[in-house]
Each structure stands twice: as C-alpha cells, then as structure tokens.
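**Student:** As given, the protein sequences belong to chains A and B, one line each in that order.
Take any residue in the first sequence, note its place counting from 1, add 485, and you have its number in my numbering.
Take any residue in the second sequence, note its place counting from 1, add 16, and you have its number in my numbering.
Beta carbons are placed, not taken as given, at the ideal position from N, Cα and C, and that holds for glycine.
Nothing here was measured: the structure is a model prediction, and the numbers come from that model.
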Amino acid sequence: MVRGLLCVALLSVTVTAHAETWPDKEWAKAPPLSGPAVDALNAYAFPARDDTHRQGIRTDALLVIRDGAVVYERYAEPTTASTPHLTWSVSKSLMATVLGVAYGEKRFKLTDPVARFYPPMKQHPAVSMADLLHWASGLDWQEDYEFAPLKSSVVAMLYTRGRADMAEFTAGMDAASAPGRVFRYSSGDSNLLSAALKGMLGHKAYMSYPWDALFKPLGIHNATWETDADETFVASSYAYLTARDLARVGLLMARDGRWGDQQLLPEDWVAFNRKPFDPYKAGQDEAVPGGHWWLNREVRGAARPWPDAPADTFAALGHWGQALYVMPDEHLVIVRYGDDRDGSYRHNELLKRVLAAVQP
Amino acid sequence: MIRRRPFTSLFLVLLLALVGWVWHERVNLQAFPDIIAAYTAKEYCSCRYVADNPAEYCRGYVKQYVPISAFTDDPKRSEVTASGLGRTHTARWLGEHQGCRLTP
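1. Quick one: list the residues of chain A neighbouring serine 62/B, beta-carbon separation under 9 Å, in chain order.
2. Distance cutoff 8 Å, beta carbons only. Does lysine 636/A sit that close to anything in chain B?
3. From alanine 772/A to leucine 840/A, what does the alpha carbon distance come to, in whole angstroms?
4. When Cβ atoms are compared, which residues of the segment 645-674 of chain A fall closer than 7 Å to chain B?
5. Flag threonine 506/A as yes if its beta-carbon sits less than 8 Å from any beta-carbon of chain B, otherwise no.
6. Of all the CB atoms in chain A, is at least one closer than 8 Å to the CB of isoleucine 84/B?
7. Tell me, please, whether the CB atom of valine 556/A is closer than 8 Å to any CB atom in chain B?
8. Strictly by DSSP, which residues pair up with proline 49/B?
9. Taking 8 Å as the CB-CB limit, is proline 702/A close to chain B?
10. So the candidates are Ala71/B, Leu101/B and Ser25/B; which of them puts its Cα closest to the Cα of leucine 45/B?
11. Quick check on the DSSP output: what are the complete alpha helix (DSSP H) runs of length 4 or more inside the segment 520-577 of chain A, in order along the chain?
12. Which of the three DSSP states, helix, strand or coil, is assigned to phenylalanine 87/B?
13. Can you tell me where the alpha helix (DSSP H) with methionine 812/A in it begins and where it stops?
14. What number of angstroms, rounded off, separates the C-alpha of histidine 804/A from the C-alpha of glutamate 752/A?
15. Return the chain-ordered list of same chain residues with a C-beta closer than 7 Å to the C-beta of proline 813/A, the five sequence neighbours on each side being excluded.
16. For leucine 26/B and glutamate 41/B, I'd like the C-alpha separation in whole angstroms.
17. Taking C-alpha atoms, which residue in Trp109/B, Leu110/B and Ser85/B lies nearest to alanine 98/B?
18. On the DSSP letters alone, give me the boundaries of the beta strand (DSSP E) that glutamate 95/B sits inside.
19. Arginine 559/A: which of Ala611/A, Leu518/A, Ala787/A and Tyr723/A sits nearest, CA to CA?
20. Is there a C-beta anywhere in chain A that falls below 8 Å from the one on alanine 47/B?
21. In three-state terms, what does DSSP make of alanine 787/A?
22. Which two residues bound the contiguous beta strand (DSSP E) that contains tryptophan 109/B?
23. Run through DSSP, which three-state label would tryptophan 879/A get?
24. On the three-state DSSP scale, how would you describe valine 818/A?
25. Identify the contact partners of aspartate 536/A in chain B, using a Cβ-Cβ distance below 7 Å as the criterion.
26. Counting only beta-carbon separations shorter than 8 Å, does alanine 566/A have a partner in chain B?
27. Rounded to whole angstroms, what's the CA-CA distance from leucine 526/A to proline 764/A? Just pull it up for me.
28. Taking C-beta to C-beta, are asparagine 758/A and tryptophan 791/A nearer than 8 Å?
29. Determine the DSSP secondary structure at serine 613/A, reduced to helix, strand or coil.
30. Measure how close the beta-carbons of lysine 577/A and serine 638/A come, nearest whole angstrom, since I'm counting them as under 8 Å.
31. Counting pairs of Cβ atoms below 8 Å between the segment 55-64 of chain B and the segment 649-667 of chain A, do you hit three or more?
32. Does any C-beta atom of chain A lie closer than 8 Å to the C-beta of leucine 34/B?
33. Just to make sure I have the definition right: I need the residues of chain B whose C-beta is within less than 8 Å of the C-beta of proline 563/A. Which are they?
34. Can you find a C-beta in chain A that's less than 8 Å from the C-beta of glycine 115/B?
35. With a Cβ-Cβ cutoff of 8 Å, do aspartate 597/A and glycine 665/A count as a contact?
36. If you reduce the DSSP assignment to three classes, tell me which class tryptophan 744/A lands in.
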C-alpha cells in the first residue's frame with residue numbers, strides 16, 4: 486500500500502518533470518503550426534514589405550514558443566535567427582528583470598530612496614525604487630520621439646544634451662508632481678534605475694552584471710547592451726538580442742521567475758512586475774503599466790487594452806513595433822520584432838491571430 | 017501708434033513673441049541641429065556593427081526627412097561619421113557587450 490502510494494508519487498514527479506521543456510543550447514522544436522489560421526497570421530504579420538515609403542506593417546521577426554518549444558518562427562530580410570535586433574524600450578523590462586536578480590540578492594528594497602544608490606537624486610529625495618519602476622518619479626519629462634524633436638527629453642537624452650550621462654540629465658529635471666502619484670512614461674526613469682543598480686554594485690561588477698545575473702544563467706550568449714559615456718547601461722533603449730534569446734526572458738517570466746530548478750527571480754518580484762500601478766488612468770498609454778512591464782488588465786471598468794488576449798497577458802514593448810508577449814496560462818511566449826514607421830501595427834490583432842493559430 | 021501703423025504694430029508684437037520663445041527655448045534650439053547627425057551616426061553604427069546588417073540596408077534604416085550632407089563608414093575602425101544641419105557627429109563600435117556609442 487505504502488509502496489503503491491510512493492510509486493504514484495514518484496510517477497507524478499517524473500510526469501511533471503517530463504512535461505516541462507526548457508531550452509538548452511537551442512530551443513526544442515515542436516511540430517510547426519499549419520492551417521488557415523497560420524496563413525491568416527502570416528498575412529497580417531508579413532504583408533508585401535514596403536521599403537520605399539516604409540508604410541504598413543513591417544515585421545522583422547516573429548517567434549512563438551508554446552510549452553517551452555518553438556511552434557512558429559519566421560524572419561524577414563535582413564533579420565535572421567542570429568541577428569541581435571534592437572529592442573528599444575523592451576530594454577526597460579529587461580533592466581527590471583536584471584534588477585529582479587539584484588532584488589533577490591537583497592541589494593535593495595522597493596521602498597528604498599533612489600538617492601541611497603545614486604547621489605544626484607538627492608535633488609529628489611522622496612523618489613523610491615518602486616516609483617521609478619512604475620514610471621512615476623514625478624519628474625517633468627517629455628516622452629516624444631520624432632514628431633516633437635525640439636521638446637523631446639528622449640531625443641535630447643539619447644543624442645544631444647543628455648547623452649554623456651543620461652541618468653544625471655534626468656536627475657537634473659524639475660519635479661512636476663509628487664513621486665508615486667502620477668503615471669508619466671519616462672525613459673529617464675528607466676535610466677535612473679540603471680544608475681541606481683550601478684551604485685549598488687560598484688562600477689566593475691555592474692559592467693558584467695546583466696550577463697552574470699541574467700543572460701548567462703538563461704543561456705543567452707549574444708547580447709549587447711550599449712552604455713552612455715559614463716558607462717551606465719542605456720536601460721531605456723539600447724539592449725540587442727536575437728528573437729530566440731529574448732524569448733528565453735519571456736519563458737523565465739511565464740514561469741514566475743524560475744529557470745529549470747533555479748528560482749532566478751523571487752516570485753514576489755514577478756508579482757510586483759505584474760501588478761497594475763494603481764494611480765494609472767485608463768487610456769494614458771497603450772497598455773497598463775505594472776512594475777516596468779505592460780499589462781493587459783481592466784482598470785476601473787475600462788476594457789483590457791488587448792481584448793482578444795487573456796487578462797494575464799503581459800508584455801515588454803518598444804518603439805517601431807518591438808514586443809515580447811507572455812501568456813502564462815496559455816503557456817505562450819511571443820517575440821515580435823519590427824520596423825513599423827507608421828503605427829499601423831496592432832498588438833491585439835497579432836495576438837488574436839497567434840491565439841487562433843495555436844488552437845489544436 | 018497702433019492705430020496709425022496697425023501692421024507694423026502687429027509685426028512688432030509677433031517679433032517680440034518670437035524673441036521671447038527663442039529665449040525660452042534657447043537650450044533646446046541650440047541642441048536641435050545636432051540631432052540628425054548624432055542619430056544617423058549612432059543608429060547606423062549599431063545597425064551595421066551590432067546587428068550586423070548590410071551597409072545598404074542600414075543607410076535606408078537611418079534615413080529621416082532631414083537630409084545628411086556627408087557620411088563616412090570606416091570599417092577598419094568601426095567608426096561612422098555623419099553631417100547634417102551644419103553639425104558633425106561620430107559613433108564608434110566599442111565591443112561585443114557595449115556596442116556603439118557617440119564620441120564626445
């Protein structure tokens with residue numbers, strides 16, 4: 486009887502272990518998806534590419550992982566499976582993931598003032614790590630890109646007045662509201678997080694930390710993360726990964742911060758990433774901000790940003806159509822790289838078609 | 017004065033407003049012409065040497081509505097220089113981890 490129970494217990498453990506697929510050097514490959522729903526997905530993501538006027542949807546890469554194995558993968562020239570593609574603001578969520586490892590090492594608490602790790606923030610002593618992760622520093626930041634280049638804080642930070650030291654440039658801004666009260670999407674907030682991490686680790690350890698803490702444990706060997714002239718990683722914009730490598734970060738997040746048998750990110754960290762920032766008002770941005778990730782959640786009765794995707798969907802999103810979507814309950818991770826210049830790409834439409842394509 | 021010279025008065029008021037705006041935005045206006053050269057040099061460098069895309073593709077990738085007056089890509093030094101609106105900027109590839117950065 487006891488032996489029988491033990492057998493059942495052992496069997497269930499083995500079944501669980503077998504049920505979970507993880508990428509090794511390469512991703513496991515499941516039988517590729519096919520059928521009319523896949524044709525519809527291809528038609529949406531890869532229409533005839535307009536390289537002259539750069540109009541319409543211009544997907545560079547689309548990769549779908551289900552249950553830890555590749556079920557769909559397609560690229561458009563010149564992007565290939567080995568291209569470390571610019572992720573733009575997906576970098577922000579990557580920095581949050583790197584910070585998650587530091588959080589697990591008890592290097593900081595969410596309530597810690599940023600000034601503890603980054604002295605120039607003494608000008609704004611009440612801003613906490615959580616405030617930056619919510620894009621709620623309260624600093625007077627203008628997040629516009631090419632349509633308002635004169636006033637854009639991002640353009641000034643990346644290319645002109647701020648580029649030598651992006652965190653210092655941000656810390657020098659005036660406060661527009663009290664910290665933690667108002668959502669105001671800011672690339673500056675993300676770079677302050679990067680500078681705070683440097684303060685926690687010291688310059689030398691910091692320079693290899695994204696690789697030591699996150700990339701190597703996940704088996705990512707081809708990542709670039711550009712720095713400003715002060716050697717602070719440009720957490721707002723400049724991480725480069727192949728689609729397959731970015732999907733590894735997605736799988737880590739889909740499985741609550743666990744990689745194999747190692748809990749790389751504390752579960753409460755991932756829960757923080759996925760919790761909506763309370764003062765956010767529906768419609769302020771294209772999705773609901775959590776802790777430096779984007780959520781598909783209803784906010785005070787307002788519909789989900791992507792109604793055709795499940796409510797537990799969350800994402801890292803970047804300029805010109807970069808996206809890493811995670812759907813834990815569907816066991817799905819989707820990487821989409823693009824070069825969309827006209828904003829016609831719709832997250833909801835892509836997710837809807839991926840979900841239709843993966844139906845058995 | 018305003019009744020006798022309405023157009024001149026209007027012109028003076030507008031001129032005053034313009035001068036005020038220029039003064040208010042002086043920091044942004046001074047930096048503005050640098051954007052196109054810095055953007056082109058930096059993003060071309062990364063497109064070419066980090067993402068390893070073909071040169072021709074990268075030229076198209078960085079194209080904006082503001083024209084570039086001069087452009088050089090020195091593959092031996094992995095160094096890209098672009099000029100536009102009277103300003104010149106250079107970006108250099110530093111290595112596998114750190115990619116490209118604008119030189120000071």
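**Tutor:** So, to answer that:
1. Numbered from its first residue, the second sequence carries residue 62/B at position 46. What serine 62/B touches in chain A: Leu571, Thr709, Glu711, Tyr723 and Tyr725.
2. Looking up residue 636/A in the first sequence gives position 151. By this cut-off, lysine 636/A is an interface position.
3. The residue given as residue 772/A occupies position 287 in the first sequence. The residue given as residue 840/A occupies position 355 in the first sequence. Answer to the nearest angstrom: the Cα atoms are 19 Å apart.
4. Thr645, Arg646, Arg648 and Ala649
5. On the first sequence, position 21 is the one that residue 506/A refers to. Residue-level contact check: threonine 506/A does not touch chain B, since none of the beta carbons of chain B fall below 8 Å from its beta carbon.
6. Your numbering for residue 84/B matches position 68 in the second sequence. No, isoleucine 84/B does not count as interfacial toward chain A.
7. Translated into the one-based positions of the first sequence, residue 556/A becomes position 71. Chain B, which has no Cβ nearer than 8 Å to the Cβ of valine 556/A, makes this no.
8. Taking the second sequence and counting its residues from 1, the one referred to as residue 49/B is at position 33. In DSSP, proline 49/B forms no bridge with anything.
9. Along the first sequence, read from residue 1 onward, the residue named residue 702/A stands at position 217. False, the Cβ-Cβ gap to chain B never drops below 8 Å.
10. Residue 45/B sits at position 29 when you count from the first residue of the second sequence. Closest option to leucine 45/B, Cα to Cα, is Leu101/B.
11. 521-530, all fully within the segment 520-577 of chain A.
12. Your numbering for residue 87/B matches position 71 in the second sequence. Phenylalanine 87/B falls in the strand class under three-state DSSP.
13. Here residue 812/A refers to the residue found at position 327 of the first sequence. First-last for methionine 812/A: 807-812, but that is the beta strand (DSSP E), not the alpha helix (DSSP H).
14. Indexing the first sequence from 1 puts residue 804/A at position 319. Indexing the first sequence from 1 puts residue 752/A at position 267. Rounded to whole angstroms, histidine 804/A to glutamate 752/A spans 29 Å at the Cα level.
15. Reading the first sequence from its first residue, position 328 is the one you call residue 813/A. The residues are Ala739 and Asp797.
16. Your numbering for residue 26/B matches position 10 in the second sequence. Your numbering for residue 41/B matches position 25 in the second sequence. Looking at the two C-alpha atoms, the distance is approximately 22 Å.
17. Looking up residue 98/B in the second sequence gives position 82. Ranking the options by Cα distance to alanine 98/B, first place goes to Ser85/B.
18. Counting from one through the second sequence, the residue named residue 95/B turns up at place 79. Counting along the chain, the beta strand (DSSP E) containing glutamate 95/B begins and ends at 95-100.
19. What you label residue 559/A is simply residue 74 of the first sequence in a count that begins at 1. Arginine 559/A has its Cα closest to that of Leu518/A, out of Ala611/A, Leu518/A, Ala787/A and Tyr723/A.
20. Taking the first residue of the second sequence as 1, we reach residue 47/B at position 31. It does: the Cβ of alanine 47/B has a partner Cβ on chain A nearer than 8 Å.
21. Numbered from 1 along the first sequence, position 302 holds the residue referred to as residue 787/A. In this structure, alanine 787/A counts as strand in the three-state DSSP scheme.
22. By 1-based counting over the second sequence, the position of residue 109/B is 93. Where tryptophan 109/B is concerned, the enclosing beta strand (DSSP E) stretches over 103-111.
23. Outside the shown range of chain A (486 to 845) lies residue 879/A, about which nothing can therefore be said.
24. Sequence index remark: in the first sequence, residue 818/A carries index 333 (1-based). Three-state result, valine 818/A: strand.
25. On the first sequence, position 51 is the one that residue 536/A refers to. Neighbours of aspartate 536/A on chain B, chain order: Gly76.
26. As a working note, residue 566/A is residue 81 in the first sequence. With 8 Å as the cut-off, alanine 566/A does not count as an interface residue toward chain B.
27. Your numbering for residue 526/A matches position 41 in the first sequence. Your numbering for residue 764/A matches position 279 in the first sequence. Between leucine 526/A and proline 764/A, the C-alpha separation is close to 36 Å.
28. Start at 1 with the first residue of the first sequence, and residue 758/A comes out as number 273. Start at 1 with the first residue of the first sequence, and residue 791/A comes out as number 306. For asparagine 758/A and tryptophan 791/A, no; Cβs fall outside 8 Å.
29. The sequence position of residue 613/A within the first sequence is 128, counting from 1. Serine 613/A falls in the strand class under three-state DSSP.
30. The count along the first sequence starts at 1 and reaches residue 577/A at position 92. The count along the first sequence starts at 1 and reaches residue 638/A at position 153. No, lysine 577/A and serine 638/A are not in contact; Cβ-Cβ is about 15 Å, not under 8 Å.
31. no
32. Numbered from 1 along the second sequence, position 18 holds the residue referred to as residue 34/B. Taking CB atoms only, leucine 34/B has no neighbour in chain A less than 8 Å away.
33. The residue given as residue 563/A occupies position 78 in the first sequence. Simply Asn69, Pro70 and Tyr73.
34. Numbered from its first residue, the second sequence carries residue 115/B at position 99. Closer than 8 Å: yes.
35. As a position in the first sequence, residue 597/A is number 112, starting the count at 1. As a position in the first sequence, residue 665/A is number 180, starting the count at 1. For aspartate 597/A and glycine 665/A, no; Cβs fall outside 8 Å.
36. Position 259 of the first sequence, counted from the start, is the residue given in the question as residue 744/A. Note: tryptophan 744/A maps to strand in three-state DSSP.
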